[in-house]
Amino acid sequence: MTITDPATTAATRTWSEPEHLAPRGTVVLLAGRGETPEVYQRFGSRIAADAYRVIAVDDDPAAAATAAALLADPGLPGPRVLAGARPDAVLLAGLPVRPGPLGRAWGGSWETEIAARTACPNHRAVLARSARGGIAEALRTAPPIVRVSPGELGVPVLAVHGAADPISPAEEAVPALRELGAQVHLVADGLHDVLNDVQHRSVAATVILFLERLRAGADLVRPA
200 MTITDPATTA
210 ATRTWSEPEH
220 LAPRGTVVLL
230 AGRGETPEVY
240 QRFGSRIAAD
250 AYRVIAVDDD
260 PAAAATAAAL
270 LADPGLPGPR
280 VLAGARPDAV
290 LLAGLPVRPG
300 PLGRAWGGSW
310 ETEIAARTAC
320 PNHRAVLARS
330 ARGGIAEALR
340 TAPPIVRVSP
350 GELGVPVLAV
360 HGAADPISPA
370 EEAVPALREL
380 GAQVHLVADG
390 LHDVLNDVQH
400 RSVAATVILF
410 LERLRAGADL
420 VRPA
């Protein structure tokens, strides 16, 4: 995989499968608004340990074009799967978010936004070190939401959503996700950053099961 023109591509970071294992697929991850690929060190390394290569794309005007090029790259192992994080997942799918200035709901400070996103001390430290900005300002300045019509995607969709997410409340998001035909999993007590929050092991396992079903074309493990 080669990306050559820095003027038209976003920066990426890759977590590769272990050297002794053949790659089982590729996950192209769009970092959320104000984030850098480094925010996904925990998620990327955990998924890569199961031999799925993870390529995180920086929050950049060229992110969508970069992700599209990666997904179309025949040199990357398939299946090639797109993952959207945080408000990008909300906005790309046209899902509901709370109306009005979100800073008001969180008290308008970085500290209250962090509390809405994660209960994990380690992830809070990563955000403090690696994030460029907050969600509230990103959503205030985001382009209008365009809803995706049911059945328009035409591909399998996994949605993992925090049951206690105050930014994109589950009671509003889940119906819209189901309209898209998504397989929806709610994370008990989960906040907004479910890929990297306290329950990250269970979330990663859910993602791996989804990827394995894509490879096999069916559920490999079923209730008896």
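Read in order, the letters of the sequence shown are residues 200 to 423 in the numbering used here. For glycine and all other residues, C-beta sits at the position ideal for the given N, C-alpha and C. Quantities reported herein were computed from a predicted structural model and do not represent experimental measurements.
- In the three-state DSSP reduction, residue 358 falls in the strand class (E or B).
- Per DSSP, reduced to three states, the secondary structure at residue 241 is helical.
- Of the residues 242, 224, 271, the one whose Cα lies closest to the Cα of residue 255 is 242.
- Per DSSP, the unbroken beta strand (DSSP E) holding residue 255 starts and ends at 251–256.
- It is roughly 27 Å from the alpha-carbon of residue 248 to the alpha-carbon of residue 208.
- For the pair residue 253 and residue 309, the CB atoms are not nearer than the 8 Å cut-off.
- The stretch 357–372 and the stretch 384–397 touch, with three or more beta-carbon pairs separated by less than 8 Å.
- Taking C-beta atoms as the reference points, residue 238 and residue 269 fail to come closer than 8 Å.
- Residue ranges of uninterrupted beta strand (DSSP E) with 3 or more members, entirely inside the stretch 204–228 and ordered along the chain, are 211–214.
- According to the DSSP assignment, residue 281 belongs to the beta strand (DSSP E) that extends over 279–283.
- Under the three-state reduction of DSSP output, residue 402 falls in the helix class.
- In the DSSP assignment, residue 383 falls outside any alpha helix (DSSP H) and lies within the beta strand (DSSP E) extending over 382–386.
- Check the Cα spacing between residue 399 and each of 411, 263, 417, 246: the tightest is with 246.
- The C-beta distance from residue 414 to residue 224 rounds to 7 Å, short enough to meet the 8 Å contact threshold.
- In terms of Cα proximity to residue 216, the closest of 230, 233, 259, 275 is 275.
- The distance from the Cβ of residue 233 to that of residue 333 is about 6 Å, consistent with a contact at the 8 Å cut-off.
- DSSP places residue 235 outside both helix and strand once states are collapsed to three, so it counts as coil.
- If you draw a straight line from the Cα of residue 367 to the Cα of residue 401, it is about 20 Å long.
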